[in-house]
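Pasting the structure below:
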């Protein structure tokens, strides 16, 4: 069992299709992508201006969608961390 540490509350989490990644929606306005094998943080997606309520990852692991209290939904490229 691995613990994925966050600085604030986690609102939502989801596994990737192949179970190699977990994406978490956080109250610190970020989305985080975790390696399930190592329990290590791979990427932090920053840009929301309020708590992130929902996130999920595409089947190929290349995109994440997130929804926030800031009234936006964003689609992210997981490699570049840019909003598409």
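Numbering (this note's numbering), first residue to last: 52 to 135.
Glycine residues also receive a C-beta, built at the ideal position from the N, C-alpha and C atoms.
The structure displayed is predicted, hence computed values, not measured ones.
Simplified DSSP state of residue i, which is helix, strand or coil
i           : result
residue 119 : strand
residue 53  : coil
residue 63  : strand
residue 105 : strand
residue 86  : strand
residue 72  : strand
residue 96  : strand
residue 129 : coil
Classification of residue i by the beta-carbon crowding that lies within 10 angstroms, buried from 16 upward
i          : result
residue 83 : buried
residue 75 : buried
residue 73 : buried
Closest by C-alpha distance to residue i, when choosing among the options
i          : options    : result
residue 79 : 73, 95, 88 : 95
Take every Cβ of the stretch 93–101, pair it with every Cβ of the stretch 58–70, and state whether three or more of those distances are shorter than 8 Å. The stretch 93–101 makes no contact with the stretch 58–70; the number of CB pairs closer than 8 Å stays below 3.
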